[in-house]
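This report concerns only the one structure given below.
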Amino acid sequence: MIVFCDQRFAICPRCGAWAAMRPIVFGYPSPELMAAADRGSVALGGCVMHGEDPTHQCTACGQDVILDSVEEDA
Ligand SMILES: [Zn+2]
């Protein structure tokens with residue numbers, strides 16, 4: 020059982036909501052990963068990375084974001 024604990028809260032650059040950002044997982048999805056995606060715990064980014072890929076997806080509006088570039092209120 021894979022546990023994804025990388026979900027973070029941040030201000031979405033698109034919708035401006037303080038929203039949960041679910042991690043985008045790249046690579047061929049395992050059955051556990053598919054199940055997690057079905058639950059909405061993660062987003063699947065596909066098998067190919069391009070170098071400037073988003074790291075998270077806003078659960079409020081679905082926008083892909085690069086969370087390191089998003090200002091966080093730690
Ligand atoms: Zn958003």
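In the numbering used here, the protein residues as written are 20 to 93. We put the CB at the ideal spot given by N, CA and C, even for glycine.
>> What does the Cβ neighbour count give for Met53, buried or exposed, with the cut at 16 atoms within 10 Å?
In response: exposed
> In terms of residues, what are the limits of the beta strand (DSSP E) holding Ala54?
Replying inline: Segment Pro50 to Arg58 is the alpha helix (DSSP H) holding Ala54; no beta strand (DSSP E) there.
> Does any heavy atom of ligand 1 sit closer than 7 Å to the C-beta of Ala39?
Replying inline: For Ala39, the distance from the CB to the nearest heavy atom of ligand 1 is not below 7 Å.
> For Met68, which residues from the same chain have a beta carbon less than 8 Å from its beta carbon, with the 5 sequence-adjacent residues on both sides left out?
Replying inline: Phe45
>> Report the CB separation of Arg41 from Gln76 in whole angstroms; it is logged as a contact under 8 Å.
In response: Your pair Arg41 and Gln76 checks out as a contact, with CB atoms roughly 5 Å apart and the cut at 8 Å.
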